[in-house]
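Each number in this note's numbering comes from the position in the sequence shown (counting from 1) with 1090 added on. Glycine is no exception: its CB is placed at the ideal position from the N, C-alpha and C atoms. Reviewing the structure listed below.
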Amino acid sequence: MVMRPTPLPPIRGLDPMSLTAWEGRVAAVISLQGCNFDCPACPVPHLVSVKPGLGSIPVENVLEAVYSRRRWLDAVVLRGGEPTLHEGLPELLRLLGEFELRVRLRTNGSNPEVLAQLIGSGELTSVSMSVRGPLDPAYSVASGTKVKLAAIYESVELLLASPGEHEFRVPWLAGVVEAEQMESVVRMLSGARRVVLEPSPDGTPGVREIRRVARSVGNFVESCIVAGRPSEDFGSAARTRKVVS
């Protein structure tokens, strides 16, 4: 019996050089199709559907584009959708690893078993996990679907215990995840090396309020910044260095 190789994930987007996808690095960004969440404030709703026939970019073209720019790149960011839904993700990571670039995975944390395997493989340099709210019923509202909270908790614990680089991103969602809920999430992430607080896509509630949240709970984590403002750190390590007054 001939075993067919697992198909590589469907690629719907490629940004060959980004200065914002991984702060401090020049990264190629590969966007995969398909997500198990349907977040009401999703910035990339066109990547959610898993319906066939949506079209994709040939993997060979993407690999060639990244390879040809490798001298000017520091890293590659794999995002979705939700990348861990795809059986072929480990093989794609292996292929990218041959370019000797740092690789970051962006995930919603809903598949802790897959995440553990990927971290254990050594193919990942960094994991960026979105934590969409406290682990209560509001999480499913923020995610647009019923979520297994135990899986999210397991992924959080996995990253907190991992010696590698990680960050958690906490998005604001008006009426669901606001200041009080964001503060609760950061407390849950106590000890994290990096937390990024994100305003909603329309800019709500404004930088001043997000900064207030960061200031109030930044001592629970090593680094706590507001998205788009990496030079201003409210985390405990930054406070020790007296970066923030």
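- Each residue's CA atom was taken as its position, placing Trp1162 and Leu1122 some 23 Å apart.
- Between the alpha carbons of Phe1324 and Glu1113 lies a gap of roughly 16 Å.
- The C-beta distance from Ala1241 to Ser1200 rounds to 5 Å, short enough to fall under 8 Å.
- Rounded to whole angstroms, Leu1248 and Glu1150 show a C-alpha spacing of 33 Å.
- According to the DSSP assignment, Glu1312 belongs to no alpha helix (DSSP H), since it is labelled neither H nor E.
- Contiguous beta strand (DSSP E) elements confined to the segment 1098-1180 occur at 1101-1108, 1117-1122, 1165-1169, taking only those with 3 or more residues.
- One alpha carbon belongs to Arg1305, the other to Glu1322, and they sit about 11 Å apart.
- Taking the C-beta atoms as reference points, Thr1110 is found no nearer than 8 Å to Gly1178.
- Scanning its chain for C-beta atoms nearer than 6 Å, with the 5 sequence neighbours on each side dropped, one finds around Val1237 the residues Tyr1229, Ser1230, in chain order.
- Non-local C-beta neighbours of Tyr1157 in its own chain, meaning closer than 8 Å and more than five positions away in sequence, comprise Phe1189, ordered along the chain.
- Taking 8 Å as the cut-off, the Cβ atoms of Arg1184 and Ser1216 do not count as close.
- Bridge pairing for Arg1192: Ala1165 [DSSP].
- When DSSP states are grouped into helix, strand and coil, Leu1225 belongs to the coil group.
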